[in-house]
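Per our numbering, the very first residue in the sequence shown carries number 3; after that it's consecutive.
To keep things clear, I will list the structure first and then write my remarks on it.
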Amino acid sequence: MTSPHVNKTRENLPHVVILGGGFGGLYAARHLRKAGVRVTMVDRHNHHLFQPLLYQVATATLSPSDIASPLRAMLGRDHVQVLLAEVTGVDTARKRVLLADSELAYDFLIVATGATHSYFGNDGWSRHSMGLKTVEDALEIRRRVLLAFEQAEREPDPERRRALLTFAIIGAGPTGVELAGALAEISRNSLSGDFQNIDPRDARVILIEGMDRVLPTYPEHLSGEARRVLEKLGVEVRTGTRVTKIDDEGVDMGPEHLSARTVLWAAGVEASPVARSLGVELDRAGRVPVTPELTVPGHPDIFVVGDLALVKQEDGSAVPGVAPAAMQEGKHAVLNLRRQLAGQPMQPFRYWDRGTYAVIGRGHAVGVAFRRVKQSGFTAWLAWLFIHITFLIGFRSKLAVLLNWAYAYLTFGRSARIITGPAPLLEERGVQPLLASGRSADIAGREPEAPAVLGGLVPERSGPG
């Protein structure tokens, strides 16, 4: 089975297949508009996701629709065919993309399938901790965090309640730091006064890092500033600490055990497994060491961009796996693809580092702009805000995010504090779901007695349903 062409009248044009609808793939697709080629994008999700703000969905500031947009709507005017499919590999000899249920021929291939969580060989830990890479991850983290407070409200045992209100975050890179700051603000400010039996301010947010400082890739004084702000928010920061075990009860750090019912993983990533089918030696993180032109060695028809690519700069350092780098690589891959079509030599990629930022709570961030300008505090937070608003796709998304941020900043509110999915608290206590008749069963599983009758009539309900 072979997937259909975009347009039968254009079937003789070179076929460019893009794997992945992240920043690298999206920018490549948009810059192929007038290249005289057919373009097909394959992704297992139907949307482009603005990953840098995913932690704000996980911590109930934003809704998924604020940071995700349908790929078809974004690429329709560029005449890009979008296929919802699972990529299982690439047959470079036959020039075929292997899908779970079919295959797709290509003339040029741009691989931008990104990265996933890495547990450094301890894959069993994934059953007891949550990483943050997809909308589904963010919603599950939000569900677990909010349910922890709900369960603690009804928990009579002090030790169990303390464990429910303990949140362990493993890894103090930008994602871990941002999650820790946001969770501290939720417990100290957003949920204050919402519960009768617990004080959310009693929650413990513990950030665990194996290196000797938080944000280890940042300049040392910015790492120190980040730690100072985190501790001011109430986060317990533990650096130089290695996790040795994660289970249902919490986290082991050598001989020390931390009882925590919510464990979040932000310690490492590894490249998409699609890279293994490209027939080249990968680095320790599973990335593809590409040529300076962003192609797979020995395969000038295959470009690799984004988190999947190991791109070396002139000084020998690797291009960081951040959104601006993926955008630039996607655009440059198209430049070299078009040069090949025109019979011209390809050009090496040069990364323009606009800066990296990590936000730490309300009105505070740290970052480095253009490799030289080091910022912290409110000024850095404004720069972070401007950069993220600029990169968001679509006017509606920008307006929605700006309004939600303004609301959260002025009121400490979290507008997306909705629990979705199953409620284990109710299931554990034996509460049955609504019966088909609209009535519920009691805790012992018995159907409740018929409602009282007054004058031969059933009293009307006070509300709908």
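Backbone N, C-alpha and C fix where the C-beta goes; we use that ideal spot for every residue, glycine too.
Remember, predicted model here, so these are calculated numbers, not experimental data.
- In the assembly as shown, W354 is an exposed residue. Its beta-carbon has fewer than 16 other beta-carbons within 10 Å.
- Taking a C-beta distance under 8 angstroms as the contact criterion, E295 and Q349 qualify as a contact pair.
- Secondary structure of T168 (DSSP, three-state): strand.
- Counting C-beta atoms within 10 angstroms of its own C-beta, Q83 has 16 or more neighbours from the protein chains shown and is therefore classed as buried.
- With three or more CB-CB distances shorter than 8 angstroms, the region 18-38 counts as touching the region 294-309.
- Residue L387 holds the alpha-carbon nearest to the alpha-carbon of L405 among I420, L387, T422 and R352.
- Contact annotation: the region 196-212 does not touch the region 356-365, with fewer than three C-beta pairs closer than 8 angstroms.
- Counting along the chain, the unbroken alpha helix (DSSP H) around K234 starts and ends at E222 to L235.
- As the crow flies, the alpha-carbon of N199 is around 11 angstroms from that of R163.
- Under the DSSP assignment, A371 falls in the beta strand (DSSP E) whose first and last residues are A367 to A371.
- If one requires a minimum length of 3 residues, the beta strand (DSSP E) runs lying completely within the region 277-365 are 301-306 and 358-361, in chain order.
- If you check the CB distance, R96 and L106 do not come in under 8 angstroms.
- Secondary structure of D139 (DSSP, three-state): helix.
- Cβ contact annotation for G357 (same chain, cutoff 7 angstroms, sequence separation greater than five): G369, V370, A371 and F372, in chain order.
- At a Cβ-Cβ threshold of 8 angstroms, T246 and D254 count as neighbours.
- A straight line joining the alpha-carbon of N48 with that of R74 spans about 8 angstroms.
- Shown here, S378 sits in a strand according to DSSP, grouped into three states.
- Nearest C-alpha to R352 among K333, F110 and S65: K333.
- By the Cβ neighbour-count rule, F52 is buried, with 16 or more other Cβ atoms within 10 Å of its own.
- Between the region 154-169 and the region 274-289, the count of Cβ pairs shorter than 8 angstroms is below three; the stretches do not touch.
- Between G252 and S261, the C-beta gap is smaller than 8 angstroms, which places the two residues in contact.
- Restricting attention to D80, E227 and E222, the CA atom closest to the CA of V41 is found in D80.
- Measuring C-alpha to C-alpha distances from D139 to each of V239, A228 and Y57 identifies Y57 as the nearest.
- Using a Cβ distance threshold of 8 angstroms, A102 and A87 count as a contacting pair.
- Considering only A114, I248 and L339, the residue with the shortest C-alpha distance to N124 is I248.
- Annotated three-state conformation of G23 is coil, per DSSP.
- Cβ neighbours of L34 within its own chain (closer than 7 angstroms, five residues either side excluded): V18, V41 and V336.
- T297 has its alpha-carbon roughly 10 angstroms from the corresponding atom of V113.
- A Cβ-Cβ contact shorter than 8 angstroms links L193 with F151.
- Boundaries of the beta strand (DSSP E) harbouring S261: E258 to S261, taken from the DSSP string.
- Residue pairing from DSSP leaves Q198 without any beta-bridge partner.
- For the pair V44 and V89, the CB atoms are nearer than the 8 angstroms cut-off.
- In terms of Cβ geometry, S120 and E272 form a close pair [threshold 8 angstroms].
- In the three-state scheme derived from DSSP, where H, G and I count as helix and E and B as strand, I210 is classed as strand.
- Scanning H130, T392 and L141 for the CA closest to the CA of P326 turns up T392.
- Taking C-beta separations shorter than 6 angstroms and ignoring five residues to either side along the sequence, the partners of L77 in its chain run A31, following chain order.
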